[in-house]
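Some notes on the structure that comes next.
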Amino acid sequence: MSGALGRFRALPLRSRLALLTATAVAIAVAAVAAACWFVTRAQLEEQLDDSLRSVEVGQDYVQQLRVGCASRQAAGQALGMYVVQFVPVSGEPCTSPGAPAIPVRPVDTAVARGEQPFALHTTPDADGRDMRVYTYHFRDARQNLLPGPPFAVSIARPMSEVDEPLGSLAWVLLALSGIGVLGAGATGLLVARAGLRPVDKLADTVEHVARTEDLTVRIPVDGEDEIARLSRSFNAMTGALASSRDRQAQLIADAGHELRTPLTSLRTNVELLVRSDETGRAIPPADRAALMASVKAQMTELAALIGDLQELARPDTAGQGGPLRVIALHEIATAALERARLRGPELTINADLRPWYVRAEPAALERALVNVLDNAVKFSPAGGTVDVALNQQGELTVRDHGPGVPDAELPHVFERFWRSPSARALPGSGLGLSIVARTVQQAGGTVTLRRPRDGAGGTEALIRLPGAPTPPPPDATA
1 MSGALGRFRA
11 LPLRSRLALL
21 TATAVAIAVA
31 AVAAACWFVT
41 RAQLEEQLDD
51 SLRSVEVGQD
61 YVQQLRVGCA
71 SRQAAGQALG
81 MYVVQFVPVS
91 GEPCTSPGAP
101 AIPVRPVDTA
111 VARGEQPFAL
121 HTTPDADGRD
131 MRVYTYHFRD
141 ARQNLLPGPP
151 FAVSIARPMS
161 EVDEPLGSLA
171 WVLLALSGIG
181 VLGAGATGLL
191 VARAGLRPVD
201 KLADTVEHVA
211 RTEDLTVRIP
221 VDGEDEIARL
231 SRSFNAMTGA
241 LASSRDRQAQ
251 LIADAGHELR
261 TPLTSLRTNV
271 ELLVRSDETG
281 RAIPPADRAA
291 LMASVKAQMT
301 ELAALIGDLQ
311 ELARPDTAGQ
321 GGPLRVIALH
331 EIATAALERA
341 RLRGPELTIN
351 ADLRPWYVRA
361 EPAALERALV
371 NVLDNAVKFS
381 PAGGTVDVAL
391 NQQGELTVRD
401 HGPGVPDAEL
411 PHVFERFWRS
421 PSARALPGSG
431 LGLSIVARTV
441 QQAGGTVTLR
451 RPRDGAGGTE
461 ALIRLPGAPT
471 PPPPDATA
């Protein structure tokens, strides 16, 4: 069974569809043919039984047959196509002249004794032919029994009158069934070829994409059926792959450009140190200290840039970098504030954090908040103030009082490696806000950068995250 199933699965799809269609038609045709054969047989047998019941055997004929049987001499004549047989109570029959005897069954003698009015059965005669026998208790037209012991009369006809038409009908049905199955198989193959033609086009397109890596190829979509849905899904997939490849290429190009500057500067400083050691010309202590500080700063900048690139290289699907769970946003913000205060000790950071619980990745969300606060600290003037607030609607605002971002530059602040012309002299890679936007979107929220509503200077970052002011029950958190 498993071997046959394996061979069936190894067939092409169109062959399997044609085979299934032919099988279904064969089963249906076989069921109809069998039903037709049995119904026809029942009707023919009923007609034969009716013809046996309609035969009228006269008293004279029965008396003549009875006398002949008593004298052990054949008497009387055959009654047309029917065979008439005298059945006494003793069970020794006497058959009409020229007809083979038909064995008497107990039911026939029961009719002769008057225990039942009639009997119908099929019995082979002395020559082996199947005969349909109708036995009844004989009475004359006046409803008087003939003198002598009681007896019955059997009337029979060959079953070949039913079997021969049924045999011919069976061959006809078999031939028609075979023709129907072959026609169904051929039709199923044609239908499968026509129906799978769009699948063949899709397979050709997939093979073309795999061979050429051309993700710009699109499959024409016609209709609303499953094939059209599959084509739309393939087009969406290739579009997403093409977009991902373009973003990857752009990321590599931007990363190479951003890495080139610190690496070049770092290489120059290291070469100066190596040349000083090789030539024996000592660098003045002050210059050497400045040079080492520059190397350290460049290494720190390079490490931060690599960390940001690793963060952006993670899959865009939420939860790929770590497990998502319900966390307290106000606690995450408090931890981020402590880190921000260490980076800007001369600044005043005012915080008003209300409880708010969200579902996110804790480490990624804390890093995003640190990036927002670092951005505010970086652009705040010395001795300035940074205001942080988390209200009861889950809106986290971080406002600085720096120079602000021009309106023309606001749409670009979340782009990768984008830096305002006025901020290019400051440390940073231009990836911090991109990481913030991605992390917030993965948590189902939104982030915007805007001018403060009071019209004063500075910039305000607004983060909205879905959640609730109270923690969920323990089973919901799990």
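So the sequence shown is numbered by the UniProt record's numbering: it starts at 1 and just counts up by one. Backbone N, C-alpha and C fix where the C-beta goes; we use that ideal spot for every residue, glycine too. Just so you know, these numbers come straight off a predicted model, no measurement behind them.
Sub-8 angstroms separation of residue i and residue j beta-carbons
i	j	result
ALA30	GLY185	no
THR459	GLY404	yes
GLU366	LEU324	no
ALA328	PRO355	yes
VAL25	GLY180	yes
PRO158	ARG129	yes
VAL377	VAL436	no
VAL358	ALA336	no
GLY344	SER380	yes
HIS121	VAL107	yes
THR268	ALA364	no
HIS412	GLY457	no
LEU173	TRP37	yes
LEU44	PRO165	yes
THR205	ALA242	no
HIS208	ASP214	yes
ILE349	VAL388	yes
ASP127	ILE102	no
ARG132	LEU20	no
ILE155	VAL55	yes
residue 520	THR40	Given that the chain is displayed from residue 1 to residue 478, the structure contains no residue 520 and the question cannot be resolved.
VAL221	ALA210	no
LEU272	LEU291	yes
8 angstroms contact criterion, which residue i and residue j should meet: CB distance rounded
i	j	result
THR385	ALA461	With 8 angstroms as the limit, THR385 and ALA461 do not qualify as a contact, their Cβ atoms being about 15 angstroms apart.
VAL153	TYR136	6 angstroms
HIS330	LEU302	About 34 angstroms separates the two Cβ atoms, so there is no contact after all.
LEU465	ALA443	6 angstroms
ILE252	ASN235	Actually they are not in contact, since the Cβ atoms of ILE252 and ASN235 sit about 26 angstroms apart, beyond 8 angstroms.
PRO99	VAL83	According to the sequence provided, residue 99 is Ala. The question's Pro does not apply to it. Confirmed, Cβ separation roughly 4 angstroms.
PHE151	TYR134	In fact, because the Cβ distance is near 15 angstroms, the residues do not count as touching under 8 angstroms.
SER231	LEU202	6 angstroms
VAL295	VAL270	7 angstroms
LEU266	MET299	7 angstroms
Bridge-paired residues (DSSP) for residue i
i	result
ILE435	According to DSSP, ILE435 bridges with nothing at all.
ALA152	VAL87 and HIS137
VAL398	VAL388 and ALA461
PHE118	TYR136
GLY467	VAL358
ARG325	ALA360
PRO103	None; PRO103 has no bridge partner.
CYS94	PHE86
ARG157	ARG132
Reduced DSSP secondary structure (H/G/I, E/B, other) of residue i
i	result
ILE283	coil
MET237	helix
THR23	helix
residue 480	Residue 480 lies beyond the residue range present for the chain, which begins at 1 and ends at 478; the question has no answer from this structure.
SER71	Its pLDDT being 48, under 50, SER71 is placed unreliably in this model, and the coordinates cannot settle the point.
ASP127	coil
PRO220	coil
PRO403	coil
ARG16	helix
PRO411	helix
PRO165	helix
ARG245	helix
SER294	helix
GLN393	coil
ASP454	coil
ASN269	helix
MET299	helix
ALA186	helix
LEU173	helix
SER380	coil
LEU215	coil
ASP225	coil
ALA368	helix
GLY344	coil
ALA42	helix
Residue interval of the beta strand (DSSP E) (run including residue i)
i	result
ASP352	348-353
First and last residue of the uninterrupted alpha helix (DSSP H) at residue i
i	result
LEU449	Counting along the chain, LEU449 falls outside any alpha helix (DSSP H), though it belongs to the beta strand (DSSP E) covering 446-450.
THR109	106-112
residue 532	This structure leaves residue 532 out entirely; the chain is present only between 1 and 478.
THR205	197-212
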